[in-house]
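Notes follow once the structure below has been shown.
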Ligand SMILES: [Zn+2]
């Protein structure tokens with residue numbers, strides 16, 4: 001039987017603040033256990049939470065970036081449950097009155113995945129289960145999160161992964177979060193159900209908790225879709241439950257039966273007044289938004305003439321977009337923008353990624369890249385030689401022009417010199433020459449290879465092509 005998957009995602013995204021949501025404790029990753037705690041985030045009696053202003057600004061920025069509607073009044077509630085990593089006995093979150101409603105993200109297929117809501121909440125601590133004891137680290141307790149909830153509109157595991165990538169590109173672009181999956185700043189729960197193709201009602205859903213890589217999101221959802229289809233095919237019914245994904249076996253496993261929201265006994269937090277966000281503040285944040293990935297992509301295609309795929313690649317990261325723009329600006333009209341994009345994607349970005357460069361502080365800044373590309377544009381070196389020069393630049397501060405001169409890499413564009421070499425190569429290869437003249441056109445590439453090898457790649461390829469063509473045509477002419 002054919003089924004249609006229905007997937008909704010809840011993303012927990014840590015906001016880029018120096019301190020926690022309701023106290024002054026640091027949020028730095030990797031501190032010694034229980035070294036970033038205070039009476040407020042440990043839930044001691046008699047303390048009062050104070051809301052972090054920067055966290056709210058980041059959250060509003062995100063709401064505006066996805067076209068959501070910022071609510072001028074929202075309310076913090078207590079979500080009550082007992083768990084060792086939750087010292088207060090409740091989590092402060094937004095329940096029936098979140099700060100943002102609506103918005104959405106558009107996939108490359110053109111489908112717009114709508115958001116239900118975004119709300120602010122604090123993270124819990126962490127339980128560490130050792131051999132003879134269970135330990136609790138409260139460093140994360142009180143860390144500011146926004147939970148971004150989509151409508152159940154995603155139709156495949158691949159779409160879910162693309163949605164997450166786009167969402168992460170946006171949070172990083174606007175600086176609301178570092179989007180770091182390894183450190184848990186960006187993690188997701190997936191609600192998955194299936195229904196017979198064409199059916200209107202939703203099937204019973206299962207929630208897969210705490211997926212922390214794009215690959216595991218895809219794997220877990222794909223597995224879950226198959227698992228549910230097998231149950232329905234066998235005449236069974238899917239039970240609503242919470243699952244954990246085991247990355248080693250590639251399977252989902254039951255964690256606990258799902259609580260309903262009434263189990264949490266939500267109530268408005270009496271310690272916190274309603275969050276009121278003024279129109280002025282919202283408009284001020286809107287005015288400060290940078291160019292978003294979708295807008296950057298459109299500009300790169302329309303104004304710079306980039307191919308769709310290249311534009312997508314450069315626009316998905318704000319740092320890369322900036323680097324590209326600055327390189328184009330520095331290189332000027334001599335080297336066209338699409339060629340700059342090709343060069344960055346083929347040569348520069350793979351190195352930057354392998355060496356973990358922050359493009360804003362890259363050891364090879366846009367000006368140096370531009371100096372290299374200008375040498376290609378001026379015909380001083382070929383694209384091939386540029387790779388050699390770039391290799392040298394990676395580990396020195398030497399200017400590209402100086403490297404080219406020192407290593408004698410200047411491109412030979414003297415037609416007399418090129419003609420001389422072309423003639424020599426033809427004379428030294430009588431066999432291939434006779435075959436070529438006999439009609440084996442493919443051997444043209446063989447001669448090019450020989451010439452380039454003999455000149456160590458230094459001859460201007462366009463001129464070599466032109467002159468070789470002329471010389472061979474002349475010989476064929478003699479035969480006729
Ligand atoms: Zn604290």
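Residue numbers (the numbering used here): 1 to 480. Cβ atoms here follow ideal geometry from the backbone N, Cα and C, with glycine treated the same way.
{"Query": "Unbroken stretches of the beta strand (DSSP E), 3 residues or longer, contained in the region 118-182", "Result": "126-129, 134-137, 144-150"}
{"Query": "Minimum Cβ-Cβ distance from residue 221 to chain D less than 8 Å", "Result": "The structure shown has no chain D; it contains just one protein chain."}
{"Query": "Under 8 Å between C-beta atoms of residue 217 and residue 166", "Result": "no"}
{"Query": "Inter-stretch contact at 8 Å, needing at least 3 Cβ pairs: the region 74-82 / the region 267-282", "Result": "yes"}
{"Query": "Integer-rounded CB distance, given that residue 41 should sit under 8 Å from residue 124", "Result": "So it is not a contact: roughly 10 Å between Cβ atoms."}
{"Query": "At least three beta-carbon pairs within less than 8 Å, the region 216-234 to the region 15-35", "Result": "no"}
{"Query": "beta-carbon residue 142 near ligand 1 non-hydrogen atom, thresh 7 Å", "Result": "yes"}
{"Query": "Limits of the beta strand (DSSP E) - the one that residue 356 falls within", "Result": "Note, residue 356: premise wrong, no beta strand (DSSP E); not H, not E."}
{"Query": "Those residues which DSSP pairs with residue 209 across a bridge", "Result": "244"}
{"Query": "Contact test: residue 47 Cβ vs ligand 1 heavy atom, cutoff 7 Å", "Result": "no"}
{"Query": "Residue 407, buried or exposed, once every other Cβ within 10 Å from all chains shown has been counted against 16", "Result": "exposed"}
{"Query": "Of the residues 20, 84, 315, the one placed nearest residue 121, counting alpha carbons only", "Result": "20"}
{"Query": "Spatially closest choice to residue 143 from 344, 273, 37, by CA coordinates", "Result": "37"}
{"Query": "Three or more C-beta pairs below 8 Å linking the region 372-381 and the region 329-341", "Result": "yes"}
{"Query": "Opening and closing residue of the beta strand (DSSP E) in which residue 12 lies", "Result": "3-14"}
{"Query": "Any non-hydrogen atom of ligand 1 within 7 Å of residue 50 CB", "Result": "no"}
{"Query": "Residue 331: CB within 7 Å of a non-hydrogen atom of ligand 1", "Result": "no"}
{"Query": "Cβ shell of residue 274 (< 6 Å), same chain only, five flanking positions each side left out", "Result": "73, 75"}
{"Query": "Buried/exposed call for residue 276, threshold 16 Cβ in 10 Å", "Result": "exposed"}
{"Query": "Residue 5 and residue 231 closer than 8 Å at C-beta", "Result": "no"}
{"Query": "Whole runs of the alpha helix (DSSP H) within the region 387-443, excluding any shorter than 4 residues", "Result": "400-406, 415-428, 430-437"}
{"Query": "Near ligand 3: residue 20 beta-carbon under 7 Å from a heavy atom", "Result": "With respect to small molecules bound, the structure shown includes ligand 1 and not ligand 3."}
{"Query": "Pairwise C-alpha distance: residue 210 and residue 3", "Result": "25 Å"}
{"Query": "Contact check, residue 394 vs residue 351, beta carbons under 8 Å", "Result": "yes"}
{"Query": "Rounded straight-line distance, which links the Cα of residue 286 to that of residue 280", "Result": "10 Å"}
{"Query": "Opening and closing residue of the alpha helix (DSSP H) in which residue 328 lies", "Result": "318-331"}
{"Query": "First and last residue of the uninterrupted beta strand (DSSP E) at residue 78", "Result": "76-80"}
{"Query": "Distance CB(residue 156)-CB(residue 14) smaller than 8 Å", "Result": "no"}
{"Query": "Nearest-angstrom beta carbon gap, residue 293 and residue 169 [assumed within contact, 8 Å]", "Result": "5 Å"}
{"Query": "Residue 196, enclosing beta strand (DSSP E) - first and last residue", "Result": "186-196"}
{"Query": "Residue from 371, 360, 380, 313 with nearest C-alpha to residue 345", "Result": "313"}
{"Query": "Beta-ladder partner(s) of residue 304, from DSSP", "Result": "None, per the DSSP bridge assignment."}
{"Query": "Whole-angstrom distance between residue 363 and residue 396, CA atom to CA atom", "Result": "9 Å"}
{"Query": "beta-carbon residue 328 near ligand 1 non-hydrogen atom, thresh 7 Å", "Result": "no"}
{"Query": "Alpha-carbon spacing of residue 32 relative to residue 358, whole angstroms", "Result": "26 Å"}
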